Each structure stands twice: as C-alpha cells, then as structure tokens.
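See structure below.
In this note's numbering, the protein residues as written are 49 to 118.
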C-alpha cells in the first residue's frame, strides 16, 4: 500500500521540510462544509472529563508562525 510508505517516511523529513509541508497545508483554501463539532468545542463527555480533571493539559508544539521557504 502506497499510503503506508508515506506515513513511514514522514518521520524522515527534516524540520525545515516539515515546516514547509505545514505552511503549504495552511495556505490551501478550505473546501467542503464546516465540521459540525469543531475540536475546540467540547461535547457533554468532554465537559465531564474536563470538570473531573481527566483531560491532559497540552501545549502547542509550535507557537510561532510558519512561513513557506522561497
């Protein structure tokens, strides 16, 4: 399966290549319909887990803007 090779080799990208891929994906216009339940809005289960202190606190991996290399 070709998709397996893509995922397997993704870990071999340099940091600059990874940043370029992310910048490209962010530059592509959105298509289709908006997600009905965006991940930044918790559903009932998410609210229950949050109030119980069971959700991990995560920090963004990259906080600065990423620009496409020339």
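Ideal placement from N, C-alpha and C gives every residue a C-beta, glycine not left out.
Remember, it's a predicted structure, so these values are computed and weren't measured experimentally.
- The shortest CA-to-CA distance from residue 112 to any of 71, 80 and 92 is the one to 71.
- The three-state secondary structure of residue 94, taken from DSSP, is helix.
- By the CB criterion at 8 Å, residue 116 and residue 75 fall inside the cutoff.
- Residue 71: member of the alpha helix (DSSP H) spanning 63-75, first to last residue.
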